[in-house]
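Novice:
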Amino acid sequence: MKTTLLCFAAAGLCFTACQSGTQQQATAEADSAAIKMINDSSFAARLRTIASDEFEGRKPFTNGETKVINYLKEQFSSLGLKPGNGDSYFQEVPMVEIRSTPESKLVFTGAKGKVSADYLKDFVAATRRVQENVSLENSPVVFAGYGIVAPEYNWNDYAGLDVKGKTVVVMINDPGFSDSTLFKGENMTYYGRWTYKFEEAARQGAAGILIIHDTEPAAYPWSVVRSGWSKSKLQLEEKDNNMSRAIMEGWISLDVAKQLFKLGGQSDALFAAARKKGFKAVDLKVTTGMKITNTIKKSISNNVVAVIRGTKRPQENIIYSAHWDHLGIGEPVKGDSIYNGAVDNATGVAALLEIAAAYQKAAIKPERSIVFVSFTGEEQGLIGSEFYAKNPVYPSASTVADINMDMMGMAGKTKDVVVYGFGQSELEDYAAASAKKQGRVLVPDPVPSSGLYYRSDHFNFAKVGIPSLFTGSGVDSFKHGREWGLQQVADYTKSRYHAPQDNADAITDYSGMVEDARLLFDMGYTMSMESTFPSWKEGSEFKAIRDKK
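Taken in order, the sequence shown gives residues 27 to 575; the numbers are from our numbering.
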């Protein structure tokens, strides 16, 4: 990386070019004011608005969407940012909403009897096919290990297997979760994500796919699966109406999977066998079927885009991103049915606005353009960012980086800054330099098996070669220590994540969010004054994509 002529002092930006002492002092004071634009009171006010019941859980295609995107437009406009998509603050995203209603029971039939699973309690199922009715009948069931085809790791769970017309049952995560010598060890790869497993099953021609839920390798409890699948789901509108996807996609509980194995004449030892290289898929000698009825709605959702034009190289841009959507109104939990998404992701959206305010206050304006994008449909499978990556408002080749914000500051002010997908790009070097000015250090994800690098919007930028940074909540609390911080994250995941209890009232400490937002402003501002582009690091699966541009 090329060293910039700008650096942060403890109080803010310090311009080190040839200025008089008076000019340096004036600039430092002015840019200190920019940093102070990111503060507890304004952050809290923005977050409480975004996470309020008035916004109805911010689900796309609802009144909640209309309210939140207009709020963001008004906020960006009042801050003096220009529309980011021509003369509009919106980028239209054509989407399909499907409310899939499966039969109440999923039945597996074998020579020795049947195993019956109850909808929501034991299984969830839906279809991505844009049809009013789909039907899977007498489909042979095959256990295909992790359901992974990864040539670079010499791993193929589908080797020699014809799954056309069949239903594959697969495990969540990837082999590295249980064997550190495989794949990337405890750092989950994209092969471990449920989205990949559905995609691969479709490529193989499977008629159905069921993922076995197991809380530890999934990194979330069954309640998260249930809440996400008990309501309508959204997807990008595709020309083939997703007829290339499996007829049925879903999950089953670990207990049901064990019963299924027993029915098929297998034991739990099959799990251990599937974790080893060379595993061969097993025909369970069982069939299943499912009828699914769909309610279909096609409509337009919106990404929100705003920009601060660069003073010298406006054609180059740095993107800050944070998804505005959450889960809307759904199944009541403890008497509350509004899924407000305060941490996930009103925190990121509030930070987006705070950082925009800081840039506008800076005495020396950025030389590169700064683009702020709040995406739709992240909770439905990174839909808004997928559409943007395929239809970029700003060309990918001239996009310097994406700095993504999602689920911030759960442990208050911390000594560390968690980086998901640690070791991916030089953006981490910028982040480390900014963290150092705060007396903090960068650390890898404390739960790398959760695969969070593949679970937020920056991932779609990475897939087209744009270096992308996703920092998370630090855990080493200045006040209470690391174990306490880890417990805060664990408690949130267990009790509030994707639940109506993720409310603004549950947040009492904004200091960590403010520090993180200031750090991300710092590193982005530094890059905005440079002419070089950060690179992917050796070993990153995304490096070759960028190198081709």
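Built from N, CA and C at the ideal position, the CB exists for glycine as well.
Only a predicted model underlies this, so the values are computations on that prediction, with no experimental measurement involved.
My assumption, with CB atoms under 8 angstroms, is that Leu-495 sits in contact with Ile-571. Please give the rounded CB distance.
Specialist: That pair is no contact at about 16 angstroms.
Novice: For the ligand GDP, any of its heavy atoms closer than 6 angstroms to the Cβ of Asp-542?
Specialist: Here there are no bound small molecules, and the ligand GDP is not part of this structure.
Novice: Quick one: what does DSSP say Lys-131 is sitting in, helix, strand or coil?
Specialist: When DSSP states are grouped into helix, strand and coil, Lys-131 belongs to the strand group.
Novice: Using the C-alpha atoms, what's the distance from Glu-564 back to Asn-213?
Specialist: In this structure, the alpha-carbon of Asn-213 lies about 16 angstroms from that of Glu-564.
Novice: Helix, strand or coil, according to DSSP, for Val-119 in the structure here?
Specialist: Three-state result, Val-119: strand.
Novice: CA-CA distance, Tyr-536 and Val-443?
Specialist: 15 angstroms
Novice: So the candidates are Ile-273, Ser-521 and Val-282; which of them puts its Cα closest to the Cα of His-239?
Specialist: Ranking the options by Cα distance to His-239, first place goes to Val-282.
Novice: Go ahead and label Arg-466 buried or exposed: buried means 16 or more other beta carbons lie within 10 angstroms of its beta carbon, across all protein chains shown.
Specialist: Label assigned to Arg-466: buried.
Novice: Hey, Gly-231 and Leu-162: beta-carbon distance below 7 angstroms or not?
Specialist: no
Novice: Ends of the beta strand (DSSP E) at Thr-321?
Specialist: 308–334
Novice: Any chance the stretch 346–361 sits against the stretch 399–407, with 3 or more Cβ pairs inside 8 angstroms?
Specialist: Short answer: they touch.
Novice: Around the Cβ of Pro-86, are there at least 16 other Cβ atoms within 10 angstroms (buried) or fewer (exposed)?
Specialist: buried
Novice: Report yes or no: do three or more beta-carbon pairs, one from the stretch 468–476 and one from the stretch 329–349, lie closer than 8 angstroms?
Specialist: no
Novice: Only counting the same chain, and skipping five residues up and downstream in sequence, which positions put a Cβ closer than 6 angstroms to that of Leu-98?
Specialist: The answer, listed in chain order, is Val-330 and Ser-400.
Novice: Please classify Ala-389: does DSSP put it in a helix, a strand, or coil?
Specialist: The answer is coil: DSSP assigns Ala-389 none of H, G, I, E or B.
Novice: Please look up how many angstroms separate the CB atoms of Val-308 and Phe-134, rounded, as I've assumed it's under 8 angstroms.
Specialist: Contact flag wrong, Cβ pair sits at about 14 angstroms.
Novice: Could you check where the alpha helix (DSSP H) with Val-160 kicks off and where it finishes?
Specialist: No alpha helix (DSSP H) contains Val-160, which is instead part of the beta strand (DSSP E) from 159–169.
Novice: What number of angstroms, rounded off, separates the C-alpha of Leu-546 from the C-alpha of Met-431?
Specialist: 9 angstroms
Novice: Straight-line CA distance for Met-553 to Lys-338?
Specialist: 13 angstroms
Novice: Please list the segments of the alpha helix (DSSP H) lying wholly inside the stretch 492–559, counting only runs of 4 or more residues, in order along the chain.
Specialist: 508–521 and 537–554
Novice: When the Cα atoms are used, what is the spatial distance from Ser-279 to Trp-248?
Specialist: 8 angstroms
Novice: Would you kindly check if the distance between the Cβ of Gly-202 and the Cβ of Asp-183 is under 7 angstroms?
Specialist: no
Novice: Check whether the Cβ atoms of Asn-268 and Val-156 sit closer than 7 angstroms, and answer yes or no.
Specialist: yes
Novice: Any idea if Gln-51 is buried or exposed, counting beta-carbon neighbours within 10 angstroms, 16 or more meaning buried?
Specialist: Here the model assigns Gln-51 a pLDDT of 44, short of 50, so the residue's position is not dependable, and the following value carries that caveat. Gln-51 comes out exposed.
Novice: Just the C-alpha distance for Glu-454 and Thr-314, rounded to the nearest angstrom, thanks.
Specialist: 48 angstroms
Novice: So, with DSSP's three-state summary, where would you put Asn-180?
Specialist: coil
Novice: Report yes if the C-beta distance between Ala-368 and Asn-529 is below 7 angstroms; otherwise report no.
Specialist: yes
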